[in-house]
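Q: The structure is given below, and queries will be raised subsequently.
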Amino acid sequence: MSELLRPSVLAGSYPERSAAPSRRLDRLCRRLGGRRRHRHPTPRDLERFAEQVVRRSEGLRSSSQADLQKRVAGLRPHLRKRLAGVPLLETLAIIREQSRRHLGMSHFEVQIMAGCALLRGMLVELDTGEGKTLSGTIPAAAAALAGIPVHVVTVNDYLVERDAEQLNPLFRSLGLTVGTVVDRDPDPEVRRRAYASDITYVTNKQIAFDYLRDRLSRRASHEQIRGEVEQLGNHTSGLLLRGLCFAILDEADSVLIDEARTPLILSKSVPAPGIEEIASKALEVASKLDEKTHFHIRGRGDQFELNREGIEAVEEFSCELGGVWNAPSRRAELVRVALLALHRYQRDEHYIVRDGKIEMVDPQTGRSMPDRSWEGGLQQMIELKEGCELSGERETIARISYQQFFGRYLRLSGMTGTGSEVRREIERIYDMPMIRIPPRKRSKRRDLGVHVATTLPQKWRGVVARIEALHREGRPVLVGTGTVKTSESLSARLAERDLPHRVLNARQDQDEARIIEEAGTSGRITIATAMAGRGSDIRVDEKVEKLGGLHVLSVERAESRRVDRQLYGRCGRQGDAGSFEQIVSLEDDLVEREAEGLLGLMARALRRGTLGSRVLRRWFFRLLQKRVEARHARDRSRMLRLQEELDRLLSFTGASE
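Residues 163 to 819 in our numbering are what the sequence shown spells out, letter by letter.
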């Protein structure tokens, strides 16, 4: 079986799964067929196997390094035929022993269980702090020893370099090579060498775009048959990857769900004569329009529609401009985009300005995305609004969705601490069943509940008072906010009270790991946007542990319950003490955006005190969250259908990406 997961005569020089079936019935048939062929292990199956691995590895402690390396060499031919049975058991035992010797860490049984499930192509839910990074070494090393190119995919360059550096001694002891692909090094030859390694650490964005570049190269050559022969004959290839064989996703829900609403677009700069003048005039015209008189804001603040008075006003304001302004539909579209730039997209919320350039802010993580830009002239209008140098127009040359990209891996697996809420969607779209691995130690994390204030001033007074009280006790506090603006507003309030603190948002994301890792120090106050250091441990010392551990305070309800759980998971890791609570307001942005219809009536009643139950207030926020989660799920489904329809339309030319 492992032969089909690596470049070979049978699998081809660039193994990947053909495009996933686009019809729902086809997906169902494929999934049911897969279940008939493979029985996925249960937690009890994995536990028994992990116990055997531990026993065997304990028996290897007296073996010399040379003996272990000889054993590995003898096992590799067996693994190339079949990644199962006694050869796999022996291999995992050696991996565990080499980890003890070279990393100073032996895999716990729960980590072996997680690793085995990953090797079988499953989504593993493992509580935060249980050691997902070390768990991932088991499937990565075992598959690489079988000759399968392994991609370990994580969410940022820091984790790519950190994990590769920390784990390389283990992989090197097994005779395996490790490569890293990071944003700052775009050299194709460097990337090609990294992907030629046995194990490659890379972010989801980098590998997806490199795959698109490979598709363009293959399309441009029109000599795929000759390319197959040359590559099998070990001739130099211009392609970056060796196919999509086996991927292990860290923080899988973030990659497969949160980022799946935005397609990956590979673009190039194109001449755009007159773009500055057109964008400037559009902003000028839009600035003269009044919401009550000329336009309506629909949806959740992202749809601007001109009414009759607005259309007439735009025509009047632009009558002498000529050119594109002579076309009614074109000038209406330009003004609509300008209204978005002026009223919808706000600095320090949707983007930041750094070194005179606009950087989008990821709404899910709070991280800046300097490599992303808006389309349709919106980017240039926001740049003009902020007084930045204009970037050129971009033309799309290739695009793919995350659903399509990761669906093309021959085997896909992932780890997360928060997968339960989206397990059905992940299994349906990616054919990846979820298994929950029980924690090694009983959690001591305490839930101190949700406190709902009526107004924003009440909320912020309560937040500052709570932080001040915890600081006096000597407990570290991690405060989770939703936007850069909110984090800096809270920072100003704490500064007024002379409370020392650190801020982590899109402006400081280069220092993310260091700030987060120090957040467990006694008396430390850390304000963080949603990024909150996923993948970085917050360690607490004995003094802090006795005080009750790290306290996590959320001051804004996230759009997804998973994101809230990710924040809470920063405390109480691996059986440590810790606590979390949430302080929100009925005037928060989430309420303003989402409380429509019956929920809008409910919000007004709660503000007036007509519905005063604390339980009802908490339930109200959960209903808002469910509404957003459902809409995002629909958005992901709609985008997948649109991309598949585009593929079908382009399939006649063979250029579906």
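Each residue gets a CB set at the ideal place from its N, CA and C atoms; glycine is no exception. It should be emphasised that the depicted structure is a prediction, and the values quoted were computed from it without experimental measurement.
(1) Using 7 Å as the threshold, is the C-beta distance between GLU756 and ARG789 below it?
(2) With 16 as the cutoff for other CB atoms within 10 Å, does ASN488 come out buried or exposed?
(3) Could you give the first and the last residue of the continuous alpha helix (DSSP H) run that contains THR253?
(4) Label LYS708 either buried or exposed according to how many other C-beta atoms from any shown protein chain fall within 10 Å of its C-beta, with 16 as the threshold for buried.
(5) According to the Cβ coordinates, are ARG820 and VAL343 closer than 7 Å?
(6) Report buried or exposed for ARG810, applying the criterion of at least 16 other Cβ atoms within 10 angstroms of its Cβ.
(7) Since VAL364 contacts HIS313 with CB under 8 Å, what's their CB separation in whole angstroms?
(8) Find the nearest neighbour of ARG498 within the set SER553, ALA444 and CYS407, judged by alpha-carbon distance.
(9) Rounding to the nearest angstrom, what Cα-Cα distance links ARG258 and SER268 in this structure?
(10) Let me make sure I understand the geometry here. Which of VAL702, PHE457, THR643 and LEU265 has the alpha-carbon closest to that of GLY472?
(11) Quick one: what does DSSP say GLY642 is sitting in, helix, strand or coil?
(12) Going by C-alpha to C-alpha distance, which of LEU632, ASN667, GLU674 and ILE677 sits closest to LEU661?
(13) Could you tell me the boundaries of the beta strand (DSSP E) in which ARG460 lies?
(14) Nearest CA to the CA of GLU478: which residue from LEU504, LYS450 and ARG460?
(15) Leaving out five residues on either side along the sequence, give the residues of the same chain with a beta carbon under 6 Å from the beta carbon of THR691.
(16) According to DSSP, what are the bridge partners of GLY174?
(17) Let me make sure I understand the geometry here. Which of VAL614, SER684, ALA255 and ASP703 has the alpha-carbon closest to that of ARG637?
(18) Roughly how many angstroms lie between the CA atoms of LEU496 and SER431, to the nearest whole one?
(19) What do you get for LEU167, buried or exposed, if any count of 16 or more other CB atoms within 10 angstroms of its CB means buried?
(20) Should ILE520 and CYS550 be called a contact, given that it needs their Cβ atoms to be closer than 7 Å?
(21) Return the first residue and the last residue of the alpha helix (DSSP H) that LEU501 is part of.
(22) Considering only DSSP beta bridges, list what GLU743 is partnered with.
(23) Within 10 angstroms of its Cβ, does LEU426 collect 16 or more other Cβ (buried), or is it exposed?
(24) Would you check if there are 3 or more beta carbon pairs closer than 8 Å linking the segment 605-622 to the segment 435-442?
(25) Do you know how far the Cα of GLN465 is from the Cα of ILE410?
(26) First and last residue of the alpha helix (DSSP H) that includes GLU754?
(27) Report yes if the C-beta distance between GLY291 and ALA414 is below 7 Å; otherwise report no.
(28) Using beta-carbon positions only, say whether VAL777 and VAL614 come within less than 7 Å of one another.
(29) Express the C-alpha separation of ARG334 and SER224 in angstroms, rounding to a whole number.
(30) Judging by CA-CA distance, which residue of GLY436, TYR730 and ALA302 is the nearest neighbour of ASP325?
(31) Tell me which residue opens and which closes the beta strand (DSSP E) that ARG609 is part of.
(32) Does the Cβ of GLY734 have 16 or more other Cβ atoms within 10 Å, making it buried, or fewer, making it exposed?
(33) Which same chain residues, not among the five before or five after PRO350, have their C-beta less than 7 Å away from its C-beta?
(34) Does the beta-carbon distance from THR617 to GLU718 come in below 7 Å?
(35) Please report the distance separating the alpha-carbon of SER530 from that of GLU511.
(36) For ASP289, collect the residues of the same chain with a Cβ closer than 6 Å to its Cβ; drop the 5 residues on either side in sequence, then sort them by chain order.
A: Straight from the coordinates:
(1) Against a cut-off of 7 Å, the Cβ pair of ARG789 and GLU756 comes out as a contact.
(2) When all chains shown are included, ASN488 counts as exposed.
(3) Residues 247-264.
(4) Flag for LYS708 reads exposed.
(5) In this structure the chain extends from 163 to 819, so residue 820 is not present and cannot be described.
(6) So ARG810 ends up on the exposed side.
(7) So it is a contact: roughly 6 Å between Cβ atoms.
(8) Selected option, being the one with the closest Cα: ALA444.
(9) A direct Cα-Cα distance of roughly 6 Å separates ARG258 from SER268.
(10) Per the C-alpha coordinates, the member of VAL702, PHE457, THR643 and LEU265 positioned closest to GLY472 is PHE457.
(11) GLY642: strand per DSSP, three-state reduction.
(12) When only C-alpha atoms are compared, the closest one is LEU632.
(13) In the DSSP assignment, ARG460 falls within the beta strand (DSSP E) that extends over 457-460.
(14) Comparing Cα-Cα distances from GLU478 to each of LEU504, LYS450 and ARG460, the minimum goes to LYS450.
(15) If we look at THR691 and ignore the five residues flanking it on each side, its Cβ neighbours are GLY528, THR643, SER649 and ASN667.
(16) GLY174 is bridged to SER170.
(17) With distances taken between Cα atoms, ARG637 lies closest to SER684.
(18) Roughly 20 Å separates the two Cα atoms.
(19) By the 10 Å Cβ count, LEU167 comes out buried.
(20) A contact, by the Cβ cut-off of 7 Å.
(21) First-last of the alpha helix (DSSP H) with LEU501: 490-501.
(22) Beta-bridge pairing links GLU743 to LEU715.
(23) Label assigned to LEU426: buried.
(24) As far as the Cβ criterion goes, the segment 605-622 does not touch the segment 435-442, which means the pair count is below three.
(25) If you take the alpha carbons of ILE410 and GLN465, they lie about 38 Å apart.
(26) Its alpha helix (DSSP H) spans residues 751-756.
(27) Taking the C-beta atoms as reference points, ALA414 is found no nearer than 7 Å to GLY291.
(28) No, these two residues do not count as a Cβ contact at 7 Å.
(29) Straight-line Cα distance between these residues: approximately 20 Å.
(30) Looking at GLY436, TYR730 and ALA302, the one whose alpha-carbon comes closest to that of ASP325 is ALA302.
(31) A quick correction: the sequence has Asp, not Arg, at residue 609. Counting along the chain, the unbroken beta strand (DSSP E) around ASP609 starts and ends at 606-615.
(32) GLY734 should be labelled buried.
(33) Only LEU402 meet the Cβ criterion.
(34) Contact flag unset, no.
(35) Straight across, the Cα-Cα distance linking SER530 with GLU511 is about 11 Å.
(36) Contacts found: GLY579 and PRO601.
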